[in-house]
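Q: I'd like to ask some things about the structure below.
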Amino acid sequence: MGKNHVITVSAGITEMYGLGAGESLFAYDGISMENIRRAVDVFVDEGSRSKVRFKSVVCEDDPIESLEYTNYKLENTTVKTEEQEDHYSVQVTKIIERDDLEDGQRVVESDFAFFQVGDTNIWTAVSGQTPDQFEHGPLWVLKKSEPEISNFFASSKDLQTVLHRFRDSFPSGTEIIAKKTVAYSRNDEGQISWETRPFEEIFEMAEEEGKYIDKIRFVVNSDDEERVDAFISRRGKLQFHSGNASRFFDDLLPVFADIGQQKADLFGGQERSEETGDVNEIEISFDKNHFKNPPDNRKLIKALDELSNSNITVYHNNPYAHVSVFDNVDGSSCDVFITGPKEVSIVPSYRGSFNSLMRVAEQISRELEEGEILENPREDYTMGDFFSA
11 MGKNHVITVS
21 AGITEMYGLG
31 AGESLFAYDG
41 ISMENIRRAV
51 DVFVDEGSRS
61 KVRFKSVVCE
71 DDPIESLEYT
81 NYKLENTTVK
91 TEEQEDHYSV
101 QVTKIIERDD
111 LEDGQRVVES
121 DFAFFQVGDT
131 NIWTAVSGQT
141 PDQFEHGPLW
151 VLKKSEPEIS
161 NFFASSKDLQ
171 TVLHRFRDSF
181 PSGTEIIAKK
191 TVAYSRNDEG
201 QISWETRPFE
211 EIFEMAEEEG
221 KYIDKIRFVV
231 NSDDEERVDA
241 FISRRGKLQF
251 HSGNASRFFD
261 DLLPVFADIG
271 QQKADLFGGQ
281 ERSEETGDVN
291 EIEISFDKNH
301 FKNPPDNRKL
311 IKALDELSNS
321 NITVYHNNPY
331 AHVSVFDNVD
341 GSSCDVFITG
351 PKEVSIVPSY
361 RGSFNSLMRV
371 AEQISRELEE
381 GEILENPRED
391 YTMGDFFSA
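Here the sequence shown stands for residues 11 to 399, where the numbers follow the working numbering.
Structure, rendered in structure tokens:
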């Protein structure tokens, strides 16, 4: 049974967003994104372990309505929102019940700022609170707000593009050096590298070894000074460790948001037309021949079968593969076909949300290969369209 909607207005400013001494700025100058940036600068200067965490998501409509509905439907969780000058304050109180906890439960309280990045459909949560608070606060409540609020995934190529564009915002001669990288092979074996080297070399090594980059911490060196120490990841989580916070907000976040917007444009609004039956097929084209023979089809079936919160039906497995995927999160569905040795097509049904199609494409990319993903408008299909050559 749900709860009533909760919208609150703070009686006074005490501690917000976990930004420590930096939050004293709010009492004098108000709560705005400009003052959040200044507070972030103060916070990271307080200690070497201070870091600010960010989570970027896609939301085409009013995210506060989605958060209000999440508050209504969740048990043991309260979500309170307040409109500020140019962002929203969100407070989450979550009761975790487990037998191994003292008194059988514990309460996690967290606060974060939630703001729109430019004119995009990308919204970002920011908090200086602990990893536990971040996990059970913004990460928890945004995940529970699917599909209206949706994750997006940045490929290795996307992450590399972000770093290239971020470097280009600095003077000529600027270097970006990887400090820590997490890469995965296709059998899900993660490898952490502490090698400090130019980021281009890290991505080249991963590609040569058949791995994808999951996350990378890096420093920007310009004019013999360290300008930014930050972290970006495949799943839309970012961190700011030190340096110039304005550079992070003004230059890094927008280029990362551009990647999210590209995903939103590619996977959004792709449902099959109820009037004509026409559909925009999403095609993944690989560099390698993954499907040379019918037994190779099992690789795709296995990958889709391991997709969380979904069910699959295998209609054909020889000589080509046709798999239907039903998403338990929002009732979306799609058909996935092997259309060639290097090609897979995702064909949305009459209900095919951005969130669902993004998850399917990401699962295929992680388990097989990060191929090129393209939109391919098509009229209605016949089965003959999907036999491999």
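Every residue gets a Cβ at the ideal spot worked out from N, C-alpha and C, and that includes glycine.
In angstroms with no decimal places, state the Cα-to-Cα distance between residue 38 and residue 135.
A: If I take the Cα positions, the gap works out to 23 Å.
Q: Could you check whether residue 173 and residue 228 sit closer than 8 Å to each other, using their CB atoms as the reference points?
A: A contact, by the Cβ cut-off of 8 Å.
Q: Consult DSSP for residue 174 and reduce its assignment to one of helix, strand or coil.
A: Here residue 174 sits in helix by DSSP.
Q: Work out the CA separation of residue 361 and residue 178 for me, nearest whole Å.
A: Rounded to the nearest angstrom, the two C-alpha atoms are 40 Å apart.
Q: Do the segment 337-348 and the segment 247-265 touch if we need at least three Cβ pairs shorter than 8 Å?
A: No: fewer than three Cβ pairs fall under 8 Å.
Q: Sort 326, 374, 379, 253 by Cα distance to residue 299 and report the nearest one.
A: The residue with the shortest Cα to Cα distance from residue 299 is 379.
Q: Among the residues of its own chain, which have a CB less than 7 Å from the CB of residue 324, if the five just before and after it don't count?
A: Cβ neighbours of residue 324 beyond the five flanking positions: 311, 333.
Q: What residue ranges within the segment 306-355 form continuous beta strand (DSSP E) runs of no fewer than 3 residues, ordered along the chain?
A: 320-326, 332-337, 343-350, all fully within the segment 306-355.
Q: How many Å lie between residue 104 and residue 162 at the Cα?
A: Cα to Cα, residue 104 sits roughly 24 Å from residue 162.
Q: With DSSP collapsed to three states, give me the class of residue 140.
A: DSSP places residue 140 in coil when its eight states are reduced to three.
Q: Can you say whether residue 91 is buried or exposed, counting buried as having 16 or more other CB atoms within 10 angstroms of its CB?
A: Buried, because 16 or more other Cβ atoms sit within 10 Å of the Cβ of residue 91.
Q: Hey, would you say residue 80 sits closer than 8 Å to residue 89, going by beta carbons?
A: Result yes, Cβ atoms of residue 80 and residue 89 sit closer than 8 Å.
Q: CB-CB under 6 Å to residue 337, same chain, minus the five flanking residues each way: which ones, in chain order?
A: Closer than 6 Å at the Cβ level, and outside the excluded window around residue 337, lie 320, 366.
Q: If the criterion is Cβ atoms closer than 8 Å, does the pair residue 132 and residue 66 meet it?
A: Yes, they are a contact pair.
Q: Can you tell me whether residue 117 is buried or exposed? The criterion is at least 16 other CB atoms within 10 Å of its CB, across all chains shown.
A: When all chains shown are included, residue 117 counts as exposed.
Q: From residue 318 to residue 196, what does the alpha carbon distance come to, in whole angstroms?
A: Answer to the nearest angstrom: the Cα atoms are 17 Å apart.
Q: What is the residue span of the alpha helix (DSSP H) that residue 88 lies within?
A: Segment 87-93 is the beta strand (DSSP E) holding residue 88; no alpha helix (DSSP H) there.
Q: Would you call the CB atoms of residue 354 and residue 374 closer than 8 Å?
A: For residue 354 and residue 374, yes; Cβs fall inside 8 Å.
Q: Have a look at residue 159 and residue 248 and give me their C-alpha separation to the nearest angstrom.
A: Approximately 18 Å, taken between the alpha carbons.
Q: Helix, strand or coil for residue 290? Go by DSSP, reduced to three states.
A: In this structure, residue 290 counts as strand in the three-state DSSP scheme.
Q: Out of 275, 185, 222, 259, point me to the one whose CA is closest to residue 235's CA.
A: Residue 185 is the option with its Cα nearest to residue 235.
Q: When the distance is taken between beta carbons, is residue 242 closer than 8 Å to residue 193?
A: Not closer than 8 Å, so no.
Q: What do you reckon, are the CB atoms on residue 120 and residue 137 nearer than 8 Å?
A: Against a cut-off of 8 Å, the Cβ pair of residue 137 and residue 120 comes out as a contact.
Q: Compare the Cα-Cα distances from residue 270 to each of 328, 57, 128 and report the closest residue.
A: Ranking the options by Cα distance to residue 270, first place goes to 128.
Q: Would the beta-carbon of residue 340 fall within 8 Å of that of residue 157?
A: Contact: yes.
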